[in-house]
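Written below as structure tokens is the structure these notes are about.
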């Protein structure tokens with residue numbers, strides 16, 4: 038990811054959850070918090086409720102790849118946390134990508 042880093046620390050996730058704004062659709066929940074830098078940081082959370090480790094890692098890779106391919110569309114200076122819902126367990130790449138872009142448009146964080 039050329040313009041982004043990963044959110045890794047629990048306190049970073051907590052800040053985004055508490056101070057950020059959330060929007061959701063059937064498959065994903067997206068939290069956005071402005072971090073006052075020139076880079077985005079993305080964190081992905083997939084609960085054990087979604088499935089076993091194979092399913093969770095597969096979903097994580099799908100979300101990360103769909104963000105990577107559309108990274109230039111996102112405004113910079115954002116902390117983004119994407120939470121996968123149980124309905125996303127059976128989703129394919131196209132569905133995850135559509136859901137991610139739909140949430141980005143709801144948040145108004147995409148460039149036209």
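Residue numbers (the working numbering): 38 to 149. Cβ atoms here follow ideal geometry from the backbone N, Cα and C, with glycine treated the same way. Bear in mind that the values here come from a model prediction, so they are computed numbers and not experimental data.
Residue i to residue j span [Cα, whole Å]
{"i": "residue 106", "j": "residue 143", "result": "19 Å"}
{"i": "residue 72", "j": "residue 96", "result": "26 Å"}
{"i": "residue 102", "j": "residue 131", "result": "11 Å"}
{"i": "residue 43", "j": "residue 79", "result": "5 Å"}
{"i": "residue 92", "j": "residue 113", "result": "30 Å"}
{"i": "residue 90", "j": "residue 99", "result": "14 Å"}
{"i": "residue 56", "j": "residue 128", "result": "29 Å"}
{"i": "residue 67", "j": "residue 140", "result": "7 Å"}
For residue j and residue i, believed in contact at Cβ under 8 Å, the rounded distance
{"i": "residue 137", "j": "residue 77", "result": "About 13 Å separates the two Cβ atoms, so there is no contact after all."}
{"i": "residue 40", "j": "residue 123", "result": "So it is not a contact: roughly 31 Å between Cβ atoms."}
{"i": "residue 146", "j": "residue 65", "result": "Not really, about 14 Å apart at Cβ, beyond 8 Å."}
Residue from the options whose Cα sits closest to the Cα of residue i
{"i": "residue 58", "options": "82, 147, 70 and 134", "result": "70"}
{"i": "residue 86", "options": "133, 67, 125 and 63", "result": "125"}
{"i": "residue 81", "options": "54, 74 and 63", "result": "54"}
{"i": "residue 104", "options": "83, 74, 84 and 135", "result": "135"}
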